Amino acid sequence: MALDDNVGNKHPGDLIKSDDWNKLAGEVHRVDALLGAALGATLLPVVPRGWANFFEATDYQNAIEHQVQVDQPTSVLLLGLGQGLVTGTGILDLVIKVDGNILHPVSPDNFEAGDKLQGLSWGMGFVQGQGFWQQVIALGQSQLAAGSHQIALACRSRTGGRVQLNGPTLWMLKSGSF
């Protein structure tokens, strides 16, 4: 910020150039935004389920869902994690959704498998090996417009077998306005 060199040395009643006032006001506004709710990390509450979550359905069910209010457009990094267990031939899929939409969905055009990629996303987590607990992580980024948004960590059994997600957590890291 290129303020008048004498701004810091002014005495009460001394004049300050209007251009310097405008720059100073702009910096104060920027600092207020940095100190406000547009930045920071939040651990979203585990609602509606709890610690242990069992899934057999092949469509996504929310393990965590939370309504988030942002006052200004905000860029967020979302990190969901938990411990996954597969029994039988199941595959546990873990994704992040914003306003009901899976973040970064994989287009079936990207692979020859076609329908087998239904519901997959870039940054998703999955567990395929059976009989032992594994850490599972899903990662996504979104630009939230000002207003209310539903953020969710969702899980499914891709092949219909029984899967379990314990200790789900969903972190929202706000990296500021855009």
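According to the working numbering, the residues represented by the sequence shown are 1135 to 1312, in order.
Where a beta carbon is used, it is the ideal one built from N, C-alpha and C, also for glycine.
Note that the structure is predicted; figures quoted are calculated from it, not measured.
If the five residues before and after Arg1183 are omitted, its C-beta is found closer than 7 Å to the C-beta atoms of Ala1197, all from its own chain and listed in chain order. Per the Cβ contact rule, the stretch 1225 to 1235 is in contact with the stretch 1257 to 1270 (3 or more Cβ pairs under 8 Å).
Residue burial is scored here from C-beta neighbours: Lys1308 has at least 16 other C-beta atoms within 10 angstroms and is therefore classed as buried. Taking a C-beta distance under 7 Å as the contact criterion, Leu1177 and Trp1256 do not qualify as a contact pair. At a Cβ-Cβ threshold of 7 Å, Val1220 and Val1261 count as neighbours.
Comparing alpha carbon positions, the residue from Leu1212, Thr1208 and Thr1192 closest to Leu1287 is Leu1212.
The beta carbon of Leu1215 sits closer than 6 Å to the beta carbons of Ile1271 and Thr1303 from its chain, once the five residues preceding and following it are set aside; these are given in chain order. In the three-state DSSP reduction, Gly1257 falls in the coil class, being neither helix nor strand. The beta carbons of Ile1285 and Val1232 sit closer together than 7 Å. Only residues of its own chain outside the window of five on either side were considered, and among them His1283 and Ile1285 have a CB closer than 6 Å to the CB of Val1202, listed in chain order. Rounded to the nearest whole angstrom, the CA to CA distance from Val1240 to Gly1160 is 42 Å. Ala1286 is bridged by DSSP to Glu1199 and Lys1231.
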